[in-house]
Amino acid sequence: FAFGTMSVSARLEEGKILLKDLSMDGSSMGMVKANGTIGVDQSLDLKVDTHLPQSASSTMQSGASAIIPSSGPMASELKMAQGAALPTDEKKRVILSWLVTGSFNDPSVSPNLPRLSDLAKGAAALIAAEAKAKAEAALKEQTDKLKAQGDAKIQQEKARAQALVDEQKKKASDAASKQIEQGKSKALDAVKGKLKLPAW
């Protein structure tokens, strides 16, 4: 395999290599992680996670319904419906898990169903959390929008009410001023009527 980085933690014990963590990562092959035992007699007992390359992951994710059929032992074991979300890592690479047993000469590879089930549950929980966050954000946005509209309407009503009050005040002031002027005019006419001008 052509890989960019590789790390391994292992020890030799009773004729077996105990792999605590083997990791190989490269853009062309994706990433492989493994742990388990490799015997000096070439026996294998490994748990392997394969993080598929970006291109393969994109293809699988766009056709998830074809990858996980609605029937079949794997879908039944994983309790995953047709079109269910495939587990992915932080780089959006699809993760598949395998059990590798037998020997170098006669290896046996089968899906690691318990591990796949845990990964699938994690993927479903992540999607549910993302959907919930989006729904909450949309609800908040709508609530804020309605609140802003409500506040604007309240301000408009306040302005309209203030305009009516100001108009009524002006009308009352004008009427009072008119009455005062009329009263002054009548009083002046009355005074003039009582005054006798001297004859020259």
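First residue of the sequence shown? That's 1 in the working numbering, and the numbers climb one at a time after it.
Beta carbons: idealized from backbone N, C-alpha and C, even for Gly.
The structure displayed is predicted, hence computed values, not measured ones.
Start-to-end residues for the beta strand (DSSP E) that takes in residue i
i, result
"residue 87", "From DSSP, residue 87 is part of no beta strand (DSSP E); its letter is neither H nor E."
"residue 40", "Here residue 40 belongs to no beta strand (DSSP E), and DSSP marks it neither H nor E."
Residue i in three-state terms, based on DSSP
i, result
"residue 15", "coil"
"residue 52", "coil"
"residue 25", "strand"
Cutoff 7 Å; reference residue i; Cβ partners in own chain excluding five residues on either side
i, result
"residue 9", "20 and 21"
Residues sharing a beta bridge with residue i, DSSP
i, result
"residue 111", "98"
"residue 173", "DSSP output for residue 173 lists no bridge partner at all."
"residue 10", "19"
Where residue i falls, given that 16 or more other Cβ within 10 Å makes a residue buried
i, result
"residue 6", "exposed"
"residue 93", "buried"
"residue 30", "buried"
"residue 38", "buried"
"residue 116", "buried"
"residue 112", "buried"
"residue 57", "buried"
Spatial neighbours of residue i in its chain, beta-carbon cut-off 6 Å, leaving aside the 5 residues before and after
i, result
"residue 96", "50"
"residue 40", "15"
"residue 52", "30, 93 and 94"
"residue 98", "48, 109 and 112"
Beta-carbon contacts of residue i that lie in its chain and below 8 Å, excluding the five residues immediately before and after
i, result
"residue 87", "94, 95, 116, 119, 120, 122 and 123"
Residue i CB to nearest heavy atom of the ligand ADP below 7 Å
i, result
"residue 137", "Among the components of this structure there are no ligands whatsoever, and the ligand ADP is therefore not found."
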